[in-house]
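For reference, the structure discussed in these notes is given below.
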Amino acid sequence: MAGYDTVTLMTDRGQVDEAVGVVRSILADMAPSANVVDLTHGIERHDVRAGALALARSVPYIAPGIVLASVDPDGSSQRRSIAVEIGDGVGVMVGSDNGLLANAVAIVGGAGRTVELTDERYRLPSAGSLWELRDVLAPAAAHLCEGVDLAELGPAIDPASLLPSLVPIPRFENEQVLAEVMWVDHFGRVQLNLEAEMIDHLGNTIVTTINSQQRVVMRHRSINDVPDGQVGLVTDTFGLMALVSPQRSAAAEFDIDVGAEVVLSEAR
Amino acid sequence: MAGYDTVTLMTDRGQVDEAVGVVRSILADMAPSANVVDLTHGIERHDVRAGALALARSVPYIAPGIVLASVDPDGSSQRRSIAVEIGDGVGVMVGSDNGLLANAVAIVGGAGRTVELTDERYRLPSAGSLWELRDVLAPAAAHLCEGVDLAELGPAIDPASLLPSLVPIPRFENEQVLAEVMWVDHFGRVQLNLEAEMIDHLGNTIVTTINSQQRVVMRHRSINDVPDGQVGLVTDTFGLMALVSPQRSAAAEFDIDVGAEVVLSEAR
Amino acid sequence: MAGYDTVTLMTDRGQVDEAVGVVRSILADMAPSANVVDLTHGIERHDVRAGALALARSVPYIAPGIVLASVDPDGSSQRRSIAVEIGDGVGVMVGSDNGLLANAVAIVGGAGRTVELTDERYRLPSAGSLWELRDVLAPAAAHLCEGVDLAELGPAIDPASLLPSLVPIPRFENEQVLAEVMWVDHFGRVQLNLEAEMIDHLGNTIVTTINSQQRVVMRHRSINDVPDGQVGLVTDTFGLMALVSPQRSAAAEFDIDVGAEVVLSEAR
Chain A
982 MAGYDTVTLM TDRGQVDEAV GVVRSILADM APSANVVDLT HGIERHDVRA GALALARSVP
1042 YIAPGIVLAS VDPDGSSQRR SIAVEIGDGV GVMVGSDNGL LANAVAIVGG AGRTVELTDE
1102 RYRLPSAGSL WELRDVLAPA AAHLCEGVDL AELGPAIDPA SLLPSLVPIP RFENEQVLAE
1162 VMWVDHFGRV QLNLEAEMID HLGNTIVTTI NSQQRVVMRH RSINDVPDGQ VGLVTDTFGL
1222 MALVSPQRSA AAEFDIDVGA EVVLSEAR
Chain B
982 MAGYDTVTLM TDRGQVDEAV GVVRSILADM APSANVVDLT HGIERHDVRA GALALARSVP
1042 YIAPGIVLAS VDPDGSSQRR SIAVEIGDGV GVMVGSDNGL LANAVAIVGG AGRTVELTDE
1102 RYRLPSAGSL WELRDVLAPA AAHLCEGVDL AELGPAIDPA SLLPSLVPIP RFENEQVLAE
1162 VMWVDHFGRV QLNLEAEMID HLGNTIVTTI NSQQRVVMRH RSINDVPDGQ VGLVTDTFGL
1222 MALVSPQRSA AAEFDIDVGA EVVLSEAR
Chain C
982 MAGYDTVTLM TDRGQVDEAV GVVRSILADM APSANVVDLT HGIERHDVRA GALALARSVP
1042 YIAPGIVLAS VDPDGSSQRR SIAVEIGDGV GVMVGSDNGL LANAVAIVGG AGRTVELTDE
1102 RYRLPSAGSL WELRDVLAPA AAHLCEGVDL AELGPAIDPA SLLPSLVPIP RFENEQVLAE
1162 VMWVDHFGRV QLNLEAEMID HLGNTIVTTI NSQQRVVMRH RSINDVPDGQ VGLVTDTFGL
1222 MALVSPQRSA AAEFDIDVGA EVVLSEAR
């Protein structure tokens, strides 16, 4: 009975109603010595890609143990609920087979033993319809903490059969770079799906085209080097290119949100 | 000195300012070994009925120990602050005698020993007005965790004298069922005050009348059986009837909120 | 190796994205036995004064240990990251030298040993730009919990060199009192920078002038004595004067927000 002592939670349930609190209660009740860490419950409703990206950004920092993730609960009866061992058993990711986990699993070295969470003994009964997060995922996480072996929770499945995460890939056409907004953070910083070297050929003065509107932005080392009132292009704290503005929302300045296309080209 | 090792918190204080954080700090300071579980702080301001319903939905999942609940802090000097033992001492509900706790207490088997929290030795002093949650309820919860007996906190009161929770009762008139919206969750699912068998006589195709507008909805086994883009009537995860729509907000589709009347009748 | 067992968090990062969750994860990973207490993450973006006031209101209730505070992350490379011992080592405040901590430090008796967090061994590497909260402050807090001595984290600095917090001071002119709104809480209660005795000379019937609009308000002992539907002036739960209205938002009634000027004068 090894077990795990940390459960990290990520959902799209918000914190206004008590849904997440019920999950925390189940963990407190069934795995009383586990440390429950709220990663976030603010993933946009049903936005599996946004959840997968948030989990991928966070996973290098997440404590060893269980990750319990749920985004887009609708349709949960039509897809598999899964538990995926990572890092030779250092941790287990528990969630739906809807692409939410795949990015993060790949970042930490790929899937080890993987099972479908079908064993009724490790579920909670429902007074009505099944609620995957409450009735399947949370009790599975608790049982894993308490030392139940992964293989007990259901039949092994092939990790290669899991639904992949969708990652937006930038395109390179006629010396233009066609990027996409992956994330707008709390401060309105706009993360693009670009690594620094992908735009080195464009120089330090870059034309961005968003919604047919062209704006020139300068590349800077960090947000602290961007002059007040301007939007600059920097390598963000995750190593990706981002549009940022000191003490202002770059997203508001440029009127863009997640999923928007940003075309970058050389200034002439 | 038995004590308790979990405190579950529910309030209408929100999480924007530091009020709930001060309560968490008091518990961390006065009951350092207690596990503090946030059920929710998003109950609509002053809405005691909404809080009572949320607590009733959650209580089957709450870990043994203390439940610390506060909704509608105004008027706290004019009503009693109470602690109610439940489950033969498995837990204690601490809150105001304003109907917030009564539903949940009934669900877990009714009130045992009940006291009014008047003993100044177990309160915290205030620099100004009394803040019931910070100065009375939180320290009472902490003292109970640390092994202080309930009877120490104040004089016994008759559980029968506690203010009951208000529960909306459906009405049945001329083969119509007059229901009320009890809860709209984070995904816009609309919970009604109806159990499944209360509408079995209406069949599977049901006319709903909301704000004088009639719409036909089909009954389904669960949200996963409702066709995309439609609103269906299902038994929700708590065993009550709910209007739901896959990946959409049924509340927005039907333009209804908590407290609205929903009339159900047979389609002809 | 003494160490600390509680980390209290306060930021302006919000709880929608996963930023705060990453900080919690770092603490769970690097200081697994520490109890992490969320004071609030809802400080208005970049509003150092609001953060300093919230921390000052809370500090009498915060458990001994580490306080990890971050507001206004932009510009963090141009100012010092600091750790300030308080209460003869009972606690350490970890944050930026931007005035956020100074009020609270003063309230608990002033700064003891103070260091600048420059030692790379106690930072986390970044894949891109430096994120002060994630890469400097959180690991410093974790190392302190684990028993690393403050002096290890960087060179000592003179506490007298720290940036002070800005506290709004009321003015007294021609028998008028010119106050300022310091805080509007979750219930719309409006805290002013006034202690009770500062307006005793105005009597119990007071004229408030806000945005050139005059309204008469009565002084009451607490919010429970203010008649329904009225706004009254009371000593709030922190010992400061506040405009309040039972079960209503006084801020909405008077259409004011943080920073607004409120002139109080005697009714004639």
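Chains as they are written, first to last, in the working numbering: chain A, 982 to 1249; chain B, 982 to 1249; chain C, 982 to 1249. Think of the CB as a built atom: it goes at the ideal place given N, C-alpha and C, for glycine as much as any other residue.
L1118/C sits close to L1049/C, with the two beta carbons spaced by under 7 Å. The shortest CA-to-CA distance from P1045/C to any of R1026/B, D1010/B and G1068/B is the one to D1010/B. Contact check for D1100/B against G1135/B passes: the beta carbons are separated by less than 7 Å.
Interface with chain A (7 Å Cβ-Cβ cutoff): S1039/B is included. By the Cβ rule, the region 1169–1185 of chain C counts as touching the region 1221–1238 of chain C, because three or more pairs are nearer than 8 Å.
Interface annotation for the region 1206–1227 of chain B against chain A: V1215, T1216, D1217, T1218, F1219, G1220, L1221 and P1227, criterion Cβ-Cβ distance under 8 Å.
Relative to A1015/B, the option among L1125/B, G1240/B, S1051/B and V1198/B whose CA is nearest is L1125/B. Annotated three-state conformation of H1027/C is coil, per DSSP. If one requires a minimum length of 4 residues, the alpha helix (DSSP H) runs lying completely within the region 1111–1155 of chain B are 1119–1126, in chain order. Put simply, of E1133/C, V1075/C and T989/C the residue whose alpha carbon is nearest the alpha carbon of R1102/C is E1133/C.
Assigned with DSSP and collapsed to three states, Q1195/C falls in strand. Beta-bridge analysis with DSSP links S1039/A to no other residue. Take the alpha-carbon of D1217/B and the one of L1105/B: they are about 42 Å apart.
Across the structure, D998/A and H1022/B are spaced so that their CA atoms are roughly 8 Å apart.
Under the three-state reduction of DSSP output, Q1157/A falls in the strand class. Where I1067/A is concerned, the enclosing beta strand (DSSP E) starts and stops at S1062 to I1067. It is roughly 19 Å from the alpha-carbon of L1036/C to the alpha-carbon of Y985/C. Against chain C, a Cβ distance below 7 Å from R1005/B picks out V1018 and D1019. Interface with chain A (7 Å Cβ-Cβ cutoff): G995/C is included.
For G1072/A, DSSP records a beta bridge to G1046/A and I1067/A. Segment contact: the region 1233–1240 of chain B against the region 1088–1096 of chain A, fewer than three CB-CB distances shorter than 8 Å; contact not assigned.
When Cβ-Cβ separations below 7 Å define contact, E1127/B makes no contact with chain C. Taking 7 Å as the threshold, the shortest C-beta distance from D1078/C to chain A does not fall below it.
The DSSP assignment places complete beta strand (DSSP E) segments of no fewer than 3 residues inside the region 986–1035 of chain A at 987–992 and 1016–1021, in order along the chain.
Nearest in C-alpha terms to I1187/A, of all of S1246/A, L1008/A and T989/A, is S1246/A.
Taking 9 Å as the cut-off between beta carbons, the residues of the region 1098–1117 of chain A near chain B are L1105, S1107, A1108, G1109, S1110, L1111, W1112, R1115 and D1116, in sequence order. For H1167/C, the three-state secondary structure derived from DSSP is coil. Restricting attention to A1232/A, V1071/A and N1084/A, the CA atom closest to the CA of L1147/A is found in N1084/A.
Per DSSP, reduced to three states, the secondary structure at L1082/B is coil, with no helix or strand assignment. Residue pairing of S1246/B in beta bridges, as defined by DSSP: V1188/B. It is roughly 6 Å from the alpha-carbon of V1215/A to the alpha-carbon of R1202/A. Closer than 9 Å at the C-beta level to chain C, one finds these residues of the region 1053–1065 of chain B: D1053, P1054, D1055, G1056, S1057, S1058 and Q1059.
At a cut-off of 7 Å between C-beta atoms, T1095/C does not count as an interface residue with respect to chain B. Going by DSSP, A1108/C is part of no beta strand (DSSP E) at all; its letter is neither H nor E. One finds nothing in chain B with a Cβ atom closer than 9 Å to the Cβ of I1047/C; even the nearest lies about 12 Å away.
The straight-line gap separating the alpha-carbon atoms of A1123/C and L1081/C is approximately 20 Å.
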